[in-house]
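Colleague: The opening position of the sequence shown corresponds to residue 88 in the working numbering, with each subsequent residue numbered one higher.
No residue lacks a Cβ here, since even glycine has one placed at the ideal position from N, Cα and C.
As the structure is a computational prediction, the values presented were derived from the model and not from experiment.
Can you read through this structure? Questions will come right after.
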Amino acid sequence: MRSRLANSPWIRDRVPARYRPALVLESFYNIGTGAFVCLFLLSTVVLKTIIGGTETHLALLAILFGGSSLFSPLVSWLGREIPMRSLVVYPNLLVAALLLVTISPVGGATLFTLIVGAAFIVRVFPRVGEMNMYRVNYPVTHRGAAVGWVKAVSAVAALIVTLSGYWWFTFQPDYYWAVYWLVAILLFVSTLFYARLPISKNNVFARDDAVHPHHAFFNGLKIFLADRRFLCFQCGFALAGFANHMAMVYVAEVLREDVIAEKLPTELVPRALQGLLLETWNLDRQSIETLIVGLVFAVLPVMFMMASAPFWGRFLDRVNPMIARAIFNTFQLVAYSLHAYGAMTLQVWPFLVGAIIHAIGNGGGTINWLTGSLYFARNENISLYNAIHVGLTGVRGMLAPLAGFFLLSSQTFDLYLFRVQCLDLGGGIFWVASGLSLLGALVMLVQGLTDPGPRE
């Protein structure tokens, strides 16, 4: 069966023959990972519309989701002794087990956030391991096309699970945990395919020298700071990346609390659908809120990421990662500007259009995030550069939601020596995100136009 799939047009046309078995196995594997990826979006919907989560729960979820990447340097260090494939397989099995605990009847929004957050933390090991394996599994001339394909498979799985969860949360909100069990099963089965991925006897990640973690950290930091090109790339990445981590999770908060809360169900539902949704299906206000927040924060992003990923994969093989990132940052700039306009005018449609534009950019931005560091790394530094890249994402993922909370919230915190009053910008947070996205696009554009080329 695997040989027939390897000779199918959608596999055959993307990579040379020797790389096709790996692409087939990764295609099956990405069914499970795609199902998991959508959980951040779905969990935000659960928190805001089903189990009574607050902006604090959203901030914690975003910190655990983004900050989990801080553990990525451990993958580089563990990969010296443990096969990279094992660092993908076994943590995935643990993640599947964690998701089963979402059935717990106690703990409410706090326990739910901690369980899902713990799953995000453990998933950082497979995530970095997969990125490292791309360099081994596919040549540079076809890597963008290969990764674009598997991410398209991932997006299809994410779309199916998102739509299923979207429907399930609307009509069976008390059993929201069933979606997490479905993802756990898919992730478990798909990981069995990755466990069969062929590994070369010449393991480029193995090292014979005994280096302690803190020595490995400082050695890696020295290499990073000495590589001016990679350092500039990460600085440009940080601007728009910080903006996205800062504002993304609060789209659901602003949409529900500032926009939807001000309107009646008849104002939220298009007239053509009012008979079906309000009369035939008799949906209550909570269900309408779930429909709208889920559409903006989960369904539209997954749909348009899926549709755009194959195109972006081939495009990324033709341009350097800085030019590509400048384009994706521009998409993000437009999206957050629309969110800001929607919050300012209390209209839902700018959130819908902004979600579509952001998703189209993210279709390629995700591939660029996965493969961009490989452009700068020599063979001996593949794992290190990916670990640095993901680790810096973790720093942003931990700090940016806190900055977003400070900008968005109206709360006051009494600390030991001083009082912190949040700025209460509400939807104004999206204007800040737009400005940072613009700066990130300009930095990447300048670097991309002056870059001499890849190192491999």
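Which residue or residues does DSSP assign as beta-bridge partners of VAL507?
Modeller: Residue numbering aside, residue 507 sits at position 420 when the sequence shown is read from its first letter. In DSSP, VAL507 forms a bridge with PHE500.
Colleague: Pick helix, strand or coil for TRP254, following the three-state DSSP scheme.
Modeller: Counting from one through the sequence shown, the residue named residue 254 turns up at place 167. TRP254 falls in the helix class under three-state DSSP.
Colleague: For ALA487, which residues of its own chain have a beta-carbon under 6 Å away from its beta-carbon, when the five flanking residues on both sides are left out?
Modeller: What you label residue 487 is simply residue 400 of the sequence shown in a count that begins at 1. Taking ALA487 as the centre and dropping the five residues before and after it, the same chain places the C-beta of PHE329, HIS332, MET333 closer than 6 Å to its C-beta, in chain order.
Colleague: Going by beta carbon distance, what residues of the same chain come within less than 7 Å of LEU510, once the five residues before and after it are set aside?
Modeller: Here the question's residue 510 lines up with position 423 in the sequence shown. Only PHE493, LEU494 meet the Cβ criterion.
Colleague: So within the segment 306-380, which uninterrupted alpha helix (DSSP H) runs reach at least 4 residues, ignoring any that extend past its ends?
Modeller: 315-334, 337-341, 352-355, 358-361
Colleague: So ALA427 packs on SER524, CB below 8 Å; how close in whole Å?
Modeller: The count along the sequence shown starts at 1 and reaches residue 427 at position 340. The count along the sequence shown starts at 1 and reaches residue 524 at position 437. Not really, about 12 Å apart at Cβ, beyond 8 Å.
Colleague: Between the Cα of ALA146 and the Cα atoms of GLU340, ASN473, ILE286, which residue gives the shortest distance?
Modeller: Taking the sequence shown and counting its residues from 1, one reaches residue 146 at position 59. Closest by alpha carbon: GLU340.
Colleague: Use the C-beta contact count for ILE454: other C-beta atoms within 10 angstroms, 16 or more gives buried, fewer gives exposed.
Modeller: Numbered from its first residue, the sequence shown carries residue 454 at position 367. Its Cβ being crowded by 16 or more others within 10 Å, ILE454 is buried.
Colleague: Assign ARG506 to buried or exposed, taking buried as 16 or more other Cβ atoms, counted over all protein chains shown, within 10 Å of its Cβ.
Modeller: The count along the sequence shown starts at 1 and reaches residue 506 at position 419. Exposed, because fewer than 16 other Cβ atoms sit within 10 Å of the Cβ of ARG506.
Colleague: Please state the DSSP three-state secondary structure of VAL440.
Modeller: To locate residue 440, count along the sequence shown from 1; it is residue 353. Correct three-state label for VAL440: helix.
Colleague: Shortest alpha-carbon distance to ILE310 belongs to which of ILE272, CYS322, GLU467?
Modeller: Numbered from its first residue, the sequence shown carries residue 310 at position 223. Ranking ILE272, CYS322, GLU467 by Cα distance to ILE310 puts GLU467 first.
Colleague: If we count the other Cβ atoms within 10 Å of its Cβ and call it buried at 16 or more, is GLY139 buried or exposed?
Modeller: On the sequence shown, position 52 is the one that residue 139 refers to. Counting Cβ neighbours within 10 Å, GLY139 comes out exposed, since fewer than 16 surround it.
Colleague: Taking ASN224 as part of the alpha helix (DSSP H), name the residues at either end of that continuous run.
Modeller: As a first step, residue 224 must be located in the sequence shown, where it is residue number 137. That run of the alpha helix (DSSP H) goes 195-224.
Colleague: Between VAL211, VAL175, VAL243, which has its C-alpha nearest ALA282's C-alpha?
Modeller: Along the sequence shown, one-based indexing puts residue 282 at 195. With distances taken between Cα atoms, ALA282 lies closest to VAL175.
Colleague: With H, G and I counted as helix, E and B as strand and the rest as coil, what does DSSP make of TYR263?
Modeller: In the sequence shown, counting from the first residue as 1, residue 263 sits at position 176. Correct three-state label for TYR263: coil.
Colleague: Could you tell me whether the Cβ atoms of VAL380 and VAL203 are closer together than 7 Å?
Modeller: Position 293 of the sequence shown, counted from the first residue, corresponds to residue 380. Position 116 of the sequence shown, counted from the first residue, corresponds to residue 203. Contact flag unset, no.
Colleague: Can you tell me the Cα-Cα spacing of LEU201 and VAL188, whole angstroms?
Modeller: Stepping through the sequence shown from its first residue, residue 201 is reached at position 114. Stepping through the sequence shown from its first residue, residue 188 is reached at position 101. Distance between the alpha carbons of LEU201 and VAL188: 11 Å.
Colleague: Assuming ASN416 contacts MET531 under a Cβ cut-off of 8 Å, what Cβ separation, rounded to an integer in Å, is found between them?
Modeller: On the sequence shown, residue 416 is found 329 positions in, with the first residue counted as 1. On the sequence shown, residue 531 is found 444 positions in, with the first residue counted as 1. So it is a contact: roughly 6 Å between Cβ atoms.
Colleague: Alpha carbons only, please: which of ARG107, PHE123, ILE516 is nearest the one belonging to THR278?
Modeller: Taking the sequence shown and counting its residues from 1, the one referred to as residue 278 is at position 191. Cα-wise, what sits closest to THR278 is PHE123.
Colleague: Please classify GLY323: is it buried, with 16 or more other beta-carbons within 10 angstroms of its beta-carbon, or exposed?
Modeller: Within the sequence shown, numbered from 1, the residue matching residue 323 stands at position 236. Result: buried.
Colleague: May I ask you to verify whether the segment 342-356 touches the segment 364-380, counting CB pairs closer than 8 Å and requiring at least 3?
Modeller: yes
Colleague: Quick one, which of GLY535, GLY478, PHE418, LEU387 has its alpha-carbon nearest VAL406's?
Modeller: By 1-based counting over the sequence shown, the position of residue 406 is 319. When only C-alpha atoms are compared, the closest one is GLY535.
Colleague: From SER496 to THR141, what does the alpha carbon distance come to, in whole angstroms?
Modeller: Along the sequence shown, read from residue 1 onward, the residue named residue 496 stands at position 409. Along the sequence shown, read from residue 1 onward, the residue named residue 141 stands at position 54. Approximately 11 Å, taken between the alpha carbons.
Colleague: Decide if SER191 is buried, meaning its Cβ has at least 16 other Cβ atoms within 10 Å, or exposed.
Modeller: Along the sequence shown, one-based indexing puts residue 191 at 104. So SER191 ends up on the exposed side.
Colleague: For a test of the three-state rule: what should DSSP assign to ALA520, helix, strand or coil?
Modeller: Residue 520 sits at position 433 when you count from the first residue of the sequence shown. Helix.
Colleague: Alpha carbon to alpha carbon, how far is ASN224 from PHE544? Give it in angstroms, no decimals.
Modeller: Beyond the ends of the chain as shown, which are 88 and 543, falls residue 544; an answer cannot be given.
Colleague: Are there 16 or more other CB atoms within 10 angstroms of the CB of GLY231, so buried, or fewer, so exposed?
Modeller: Taking the sequence shown and counting its residues from 1, one reaches residue 231 at position 144. Flag for GLY231 reads buried.
Colleague: Okay, do the segment 380-399 and the segment 475-482 touch, 3+ Cβ pairs below 8 Å being the bar?
Modeller: no
Colleague: What are the start and end residues of the alpha helix (DSSP H) that includes GLY540?
Modeller: In the sequence shown, residue 540 corresponds to position 453, counting from 1. Segment: none, GLY540 is in no alpha helix (DSSP H) and carries neither H nor E.
Colleague: To the nearest angstrom, how far is the alpha carbon of HIS229 from that of ALA242?
Modeller: Stepping through the sequence shown from its first residue, residue 229 is reached at position 142. Stepping through the sequence shown from its first residue, residue 242 is reached at position 155. Roughly 20 Å between the two C-alpha positions.
Colleague: Can you tell me whether PHE384 is helix, strand or coil according to DSSP?
Modeller: Reading the sequence shown from its first residue, position 297 is the one you call residue 384. Looking at PHE384 - three-state DSSP - the assignment turns out to be helix.
Colleague: With DSSP run on the structure shown, which of helix, strand or coil describes GLY166?
Modeller: Along the sequence shown, read from residue 1 onward, the residue named residue 166 stands at position 79. The answer is coil: DSSP assigns GLY166 none of H, G, I, E or B.
Colleague: Could you tell me the distance, in whole angstroms, from the CA atom of GLN361 to the CA atom of LEU351?
Modeller: Sequence index remark: in the sequence shown, residue 361 carries index 274 (1-based). Sequence index remark: in the sequence shown, residue 351 carries index 264 (1-based). Using only the alpha carbons, I get a separation of about 12 Å.
Colleague: Taking the continuous alpha helix (DSSP H) assigned at ILE118, which residues delimit it?
Modeller: What you label residue 118 is simply residue 31 of the sequence shown in a count that begins at 1. 107-124 is the span of the alpha helix (DSSP H), which, as asked, contains ILE118.
Colleague: Give, in chain order, every unbroken run of the beta strand (DSSP E) that is at least 3 residues long and sits entirely within the segment 459-502.
Modeller: 499-501
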